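**Q** What follows is a single structure, and I will ask about it in a moment.
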Amino acid sequence: MLYRAEAIVTGNFVGVRRSKFPANTKIIYWEEATLRYGVSDIVGLKSFVKCEAGDKSYVLDKVTSETPRSLSFSSALESPIDSALVEEGFAFRLTVALNGNESLCFCPMGRTTDVMMRLHWGNPSFGGRFLPDIREVTDSLTTARWKVLSINHQIPENFLMRDDGVRDDDSYSYRDYSVYSGEQDDDNIATNEFAVRLLQPVSHYKQVDRSVKYAILLIVFTFLTIFFCDYFAKKHIPLFAFLLVGVAVLLFYTFLLSLSELMGFGWAYIISCVAVVGLATTYLYGFLRDKVYTMVGGGVMVLLYGMMYLLLTLENLPLLIGSIFLFIVLAVIMRLSLKMHW
Numbered sequence: 302m303l304y305r306a307e308a309i310v311t312g313n314f315v316g317v318r319r320s321k322f323p324a325n326t327k328i329i330y331w332e333e334a335t336l337r338y339g340v341s342d343i344v345g346l347k348s349f350v351k352c353e354a355g356d357k358s359y360v361l362d363k364v365t366s367e368t369p370r371s372l373s374f375s376s377a378l379e380s381p382i383d384s385a386l387v388e389e390g391f392a393f394r395l396t397v398a399l400n401g402n403e404s405l406c407f408c409p410m411g412r413t414t415d416v417m418m419r420l421h422w423g424n425p426s427f428g429g430r431f432l433p434d435i436r437e438v439t440d441s442l443t444t445a446r447w448k449v450l451s452i453n454h455q456i457p458e459n460f461l462m463r464d465d466g467v468r469d470d471d472s473y474s475y476r477d478y479s480v481y482s483g484e485q486d487d488d489n490i491a492t493n494e495f496a497v498r499l500l501q502p503v504s505h506y507k508q509v510d511r512s513v514k515y516a517i518l519l520i521v522f523t524f525l526t527i528f529f530c531d532y533f534a535k536k537h538i539p540l541f542a543f544l545l546v547g548v549a550v551l552l553f554y555t556f557l558l559s560l561s562e563l564m565g566f567g568w569a570y571i572i573s574c575v576a577v578v579g580l581a582t583t584y585l586y587g588f589l590r591d592k593v594y595t596m597v598g599g600g601v602m603v604l605l606y607g608m609m610y611l612l613l614t615l616e617n618l619p620l621l622i623g624s625i626f627l628f629i630v631l632a633v634i635m636r637l638s639l640k641m642h643w
């Protein structure tokens with residue numbers, strides 16, 4: 302499942318004051334400060350990432366340093382930034398357009414992470430560490446909002462990172478900062494992600510596959526319908542006729558699969574049902590020569606196919622509804638069997 306996302310990220314960076322560095326620090330290369338944006342796969346980016354910081358606008362480009370990663374991300378984009386902004390702190394607004402597949406994940410890296418999402422899709426699945434505080438799902442639109450505080454997770458707000466990504470507490474013991482420790486912190490970030498996943502609606506192939514699982518029940522109930530109509534009409538339908546009706550029921554699935562590739566599952570099911578039930582009912586009338594019993598037999602078969610379609614399309618409680626239906630059918634069969642002379 303592929304998607305295209307357009308994201309607007311806003312936030313505030315607290316200034317990096319000289320007082321945060323050890324007292325014996327002699328030189329701070331403020332002019333080498335960069336604004337870095339980590340991405341899991343740069344192939345999905347479909348526009349340059351633009352960032353407005355302070356009163357200036359920056360376009361982030363590929364990282365040119367020897368260490369292109371950014372925390373748990375395998376790739377990153379960056380841009381030099383005004384050193385004055387780094388010291389004083391600044392508000393920023395970042396826009397990005399990207400293509401992805403299956404899911405979109407968020408990492409709560411700030412003191413307060415507030416995510417508002419509008420998704421033109423009606424089958425989402427929310428997962429990860431945090432579920433949305435507010436969500437609204439319709440057939441074609443999903444809106445959700447998360448609000449995560451820094452006290453809700455163990456990800457530090459600030460990192461110090463060596464080029465080799467290895468912890469060195471003696472050399473990087475700056476106050477109010479956590480040292481990036483490679484895979485350990487990567488795992489910490491990954492376990493605190495939250496995400497939305499796009500679920501693929503059931504395809505017609507899957508629906509046909511599910512309908513085949515009901516084939517034995519459909520054949521048995523069809524045989525029982527013909528059997529009871531034959532018995533109470535006091536006729537004699539040969540076993541060979543039962544075999545032919547069984548073949549007609551099997552052809553139903555062949556029609557269903559072939560037609561669903563052309564016109565969708567719903568119409569394919571209706572046409573296949575009309576064709577097979579019409580054929581079986583006409584064949585039954587040829588033996589019974591009784592319109593009442595023939596109509597009862599045809600009506601029962603329509604009910605069986607209709608119930609199977611309902612079970613195939615239900616998203617909630619199909620097992621419960623199917624069990625209740627089977628219980629009712631069994632009760633009717635037991636009732637009819639009491640009227641038979643054994």
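Here the sequence shown stands for residues 302 to 643, where the numbers follow the working numbering. Ideal placement from N, C-alpha and C gives every residue a C-beta, glycine not left out. Note that the structure is a prediction, hence the values are computed from the model and not measured.
For R412 and I490, what's the separation of their Cα atoms in angstroms?
**A** Cα to Cα, R412 sits roughly 14 Å from I490.
**Q** State the Cα-Cα distance for the pair V360 and F349, rounded to the nearest angstrom.
**A** Near 7 Å, if we compare the C-alpha coordinates of F349 and V360.
**Q** Under the assumption that N493 contacts P409 (Cβ atoms under 8 Å), give the Cβ distance between them as a whole number of angstroms.
**A** Rounded, the Cβ-Cβ distance is 6 Å, consistent with contact.
**Q** So, for D415: in the same chain, excluding its five sequence neighbours on each side, which residues have a beta-carbon less than 7 Å away from its beta-carbon?
**A** Contacts found: K448.
**Q** Between S561 and V513, is the Cβ-Cβ spacing less than 8 Å?
**A** Not in contact: S561 and V513 (Cβ atoms no closer than 8 Å).
**Q** In the DSSP output, which residue or residues are listed as bridge partners for A334?
**A** A334 pairs with nothing; no bridge assigned.
**Q** Around the C-beta of S573, are 16 or more other C-beta atoms found within 10 angstroms, so that it is buried, or is it exposed?
**A** That one is buried.
**Q** If I'm right that L378 touches K363 with Cβ under 8 Å, what's the distance once you round it to whole angstroms?
**A** 6 Å between Cβ atoms; contact.
**Q** Where DSSP assigns a beta bridge to I417, which residues make up the other side?
**A** Here residue 417 turns out to be Met, not Ile, going by the sequence shown. Answer is R446, bridged to M417.
**Q** Anyone know if the C-beta pair for F495 and F628 falls short of 8 Å?
**A** Contact flag unset, no.
**Q** Sort out for me which residues DSSP pairs I435 with in a bridge.
**A** In DSSP, I435 forms a bridge with R446.
**Q** Quick check on A632: does DSSP put it in helix, strand or coil?
**A** Helix at A632.
**Q** Is it true that the CB of M602 sits closer than 8 Å to the CB of T523?
**A** Yes. Within cutoff.
**Q** Assuming E388 contacts R318 under a Cβ cut-off of 8 Å, what Cβ separation, rounded to an integer in Å, is found between them?
**A** At roughly 7 Å, the Cβ-Cβ gap stays under 8 Å, so E388 and R318 are in contact.
**Q** Helix, strand or coil for T326, going by three-state DSSP, please let me know.
**A** Looking at T326 - three-state DSSP - the assignment turns out to be coil, as it is neither helix nor strand.
**Q** Ends of the beta strand (DSSP E) at L361?
**A** Unbroken beta strand (DSSP E) run through L361: 357-363.
**Q** Using only the alpha-carbon positions, how far apart do F536 and Y586 sit?
**A** It should be noted that the sequence gives Lys, not Phe, for residue 536. Rounded to the nearest angstrom, the two C-alpha atoms are 11 Å apart.
**Q** Mark D531 as exposed unless 16 or more other C-beta atoms lie within 10 angstroms of its C-beta, in which case mark it buried.
**A** Answer is buried; the Cβ neighbour count reaches 16.
**Q** Look at V578 and G599 and say whether their C-beta atoms are less than 8 Å apart.
**A** Against a cut-off of 8 Å, the Cβ pair of G599 and V578 comes out as a contact.
**Q** My understanding is that A569 touches A549, with C-beta atoms under 8 Å, so please give their C-beta distance in whole angstroms.
**A** About 17 Å separates the two Cβ atoms, so there is no contact after all.
**Q** Pick helix, strand or coil for F393, following the three-state DSSP scheme.
**A** Strand at F393.
**Q** Which same chain residues end up closer than 6 Å to A398 when comparing Cβ atoms and leaving out the 5 residues on each side of it in sequence?
**A** Closer than 6 Å at Cβ, skipping near neighbours: E307, K347, S348.
**Q** Which whole-angstrom value is the C-beta distance of V438 and G428, which I expect to be below 8 Å?
**A** Not really, about 15 Å apart at Cβ, beyond 8 Å.
**Q** Less than 8 Å separating the beta-carbons of T396 and R419?
**A** For T396 and R419, no; Cβs fall outside 8 Å.
**Q** According to DSSP, is K507 helix, strand or coil?
**A** DSSP places K507 in helix when its eight states are reduced to three.
**Q** Helix, strand or coil: how does DSSP classify F349 here?
**A** Coil, per DSSP.
**Q** With a threshold of 7 Å on Cβ separation, who are the neighbours of L519 within its own chain once the five nearest residues in sequence on each side are excluded?
**A** So the list reads V550, L605, M609, once near-sequence residues are dropped.
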